[in-house]
Amino acid sequence: MDKTDEKLATSNADKAGFGSNAPRPLAYDHRLHHRRAPILAVILALIVSAASGFLGGWLGADRNKDQAVDSTFSSNQKVVTSQSQLIASIAKSVGPSVVSVNVTGQTAATQNVFGFSVGGGTQQSAGTGIIISSDGLILTNRHVVPEGTTAVSVTLDDGTELDNVQVLGRTPSNDSLDVAVLKVSDTKGHKLSPATLGDSSKMQIGDSVIAIGNALGQFQNTVTSGIISGHGRSVQAGSGADGSSSENLADLFQTDAAINEGNSGGPLVNSSGQVIGINTAIASDAQNIGFSIPINDLSGLIKEVIASGKFERPYLGVQYVSLTDDEAKTLGINQTRGAYIVPSTNGQPSIISGSPADKAGLQEKDIISAVNGTNVDQNNSLTALLGQYSVGTKVNLTVIRGGDTKHIDVTLGAEPTS
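All residue numbers for the sequence shown refer to the numbering used here, where the first residue is 252 and numbers rise by one.
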């Protein structure tokens with residue numbers, strides 16, 4: 252590949268001891284001076300005995316210390332070995348579900364300061380994808396297969412290349428989720444292995460994760476490990492080395508599992524080998540800080556595309572911010588958790604006209620605190636909760652308006668393509 256796809260983002264990341272047995276003090280009896288020699292012999296014998304006891308105790312304690320150190324080292328070695336074996340096992344299990352996405356596209360020419368046309372033409376890049384169905388549906392990032400893509404092929408874990416891959420759909424550039432779905436037209440008789448999807452809402456800060464990707468567009472997968480170091484992150488990301496095509500991404504996992512170049516679209520996996528995120532961006536101002544989309548944010552879309560073959564994302568139609576203690580303090584409101592529908596600014600409506608939210612009567616400054624009884628909080632954003640449902644599903648929103656709690660039914664629509 253001439254170029255690998257990369258997403259850059261700027262974000263808001265034994266003791267051991269021993270003891271001894273001291274010799275017992277000896278008393279000299281002056282009344283026994285006429286039996287000096289035997290007494291001296293006894294004293295010397297007692298000294299030697301005591302000293303040997305002391306040395307034996309010291310040497311025994313020293314051996315115990317060595318044994319304790321050896322035992323600790325052995326235990327640590329077993330832990331490291333066990334962890335290494337677990338990572339290797341997970342990588343082997345998930346690897347067949349990970350593909351390299353090879354892209355050919357056309358880039359538009361631009362004018363330099365002298366008015367001459369520069370750039371443009373055919374360009375090749377590579378990213379990563381996750382097989383989600385045995386008939387050839389593949390999940391990846393939209394920036395891996397951007398507008399202008401003319402041809403896509405995928406390379407399987409064993410090196411087999413499948414061409415004539417269709418871009419079934421992608422989220423629009425103004426969507427906070429950077430997602431696309433591909434469809435393999437002809438598997439050439441190869442049996443595809445879908446990944447097992449997990450529950451991203453169960454992930455806690457400090458949980459172990461593994462990032463798998465296809466660095467540099469080669470068919471050998473790369474594997475890195477780390478932890479979840481944050482969630483609910485919002486970043487501004489741009490494709491390419493110049494950071495062009497800036498996008499706002501939201502509700503992301505932050506991880507220190509290194510996400511290498513070309514690994515965009517690959518899986519973030521929990522310790523059970525389940526995909527709980529899609530690797531999306533790396534920090535441009537720090538090392539080993541990456542961002543991934545929680546898989547629950549896409550569960551409704553995935554169910555829909557597998558069931559009907561349609562790329563339709565559930566859509567509410569509001570602009571909101573996720574409340575935290577600090578955000579609530581800044582806004583001057585008492586509610587510290589939920590999705591706050593921001594007031595319209597600069598001609599940008601907070602509630603899209605004709606959207607499901609508009610039809611249901613949602614208003615500016617409403618706080619959506621729950622969806623079908625599940626609270627909107629740090630572990631469950633509004634995007635994630637709505638993302639679990641398919642287009643056309645009716646959901647009940649718990650809404651706080653002016654201090655009063657209301658329950659409003661909304662039928663989710665299909666997100667507009669632009």
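Using N, Cα and C, we set each Cβ at its ideal position, and we do this for glycine too.
Quick caveat, the model's predicted, so the values are computed rather than measured.
For residue i, the nearest candidate out of the options (CA to CA)
i: E512; options: L390, V395, I389, N626; result: V395
i: N647; options: D655, L567, D502, N597; result: L567
i: K442; options: R393, T668, L407, A339; result: L407
i: Q374; options: Q357, I461, G380; result: Q357
i: G664; options: T644, G653, H658, G654; result: T644
i: D400; options: G612, L582, G372, A342; result: Asp is not the amino acid found at residue 400; the sequence shown has Thr there. Of the candidates G612, L582, G372, A342, the one whose C-alpha sits nearest the C-alpha of T400 is G372.
i: N623; options: L613, T422, Q614, L636; result: L636
i: G420; options: I553, T411, P347; result: I553
For residue i, three-class secondary structure by DSSP
i: G356; result: strand
i: I642; result: It is Val, not Ile, that sits at residue 642 in the sequence shown. V642: coil per DSSP, three-state reduction.
i: G440; result: coil
i: V474; result: strand
i: D577; result: helix
i: L388; result: strand
i: K434; result: strand
i: S495; result: Confidence at S495 is low in this model, with a pLDDT of 48, below 50, so the placement of that residue should be treated as unreliable; the coordinate-derived value is given next. It is a strand residue.
i: S452; result: helix
i: L552; result: helix
i: I584; result: coil
i: V396; result: coil
i: I546; result: helix
i: A312; result: Confidence at A312 is low in this model, with a pLDDT of 45, below 50, so its placement is unreliable and the value that follows should be read with caution. It is helical.
i: P518; result: strand
i: K657; result: strand
i: L306; result: Bear in mind that a pLDDT of 39 at L306, under 50, signals an unreliable position, so the model cannot answer this.
Cβ-Cβ distance between residue i and residue j below 8 Å
i: I527; j: P445; result: no
i: T638; j: G551; result: Here the sequence assigns Gly to residue 638, which means Thr is not the residue at that position. Cβ distance < 8 Å, so G638 and G551 count as in contact.
i: D548; j: L428; result: yes
i: S385; j: V354; result: no
i: S641; j: E555; result: yes
i: I478; j: D450; result: no
i: L337; j: S601; result: no
i: V403; j: T379; result: no
i: N539; j: A509; result: yes
i: N630; j: S452; result: yes
i: S515; j: N392; result: yes
i: S480; j: I461; result: no
Buried versus exposed call for residue i [16 or more other C-beta atoms within 10 Å across all chains shown]
i: H482; result: buried
i: D660; result: exposed
i: L563; result: The sequence given here has Glu at residue 563, not Leu. E563 is buried by the Cβ-count criterion.
i: T656; result: exposed
i: D507; result: buried
i: E666; result: buried
i: V650; result: buried
i: A273; result: With a pLDDT of 38 at A273, under the threshold of 50, the modelled position of that residue is not reliable, and the figure given next carries that caveat. Answer is exposed; the Cβ neighbour count stays below 16.
i: T668; result: exposed
i: D426; result: buried
i: N597; result: exposed
i: A534; result: buried
i: S351; result: buried
i: I529; result: buried
i: P594; result: exposed
i: G589; result: buried
i: N499; result: exposed
- prompt: Would the region 424-434 and the region 400-416 be scored as touching if the rule is three or more Cβ pairs under 8 Å?
  reply: yes
field: Sufficient close CB pairs (3 or more, under 8 Å) joining the region 608-620 to the region 556-573
entry: yes
query: Would you say the region 543-550 touches the region 499-509, given that touching needs at least three Cβ pairs under 8 Å?
result: yes
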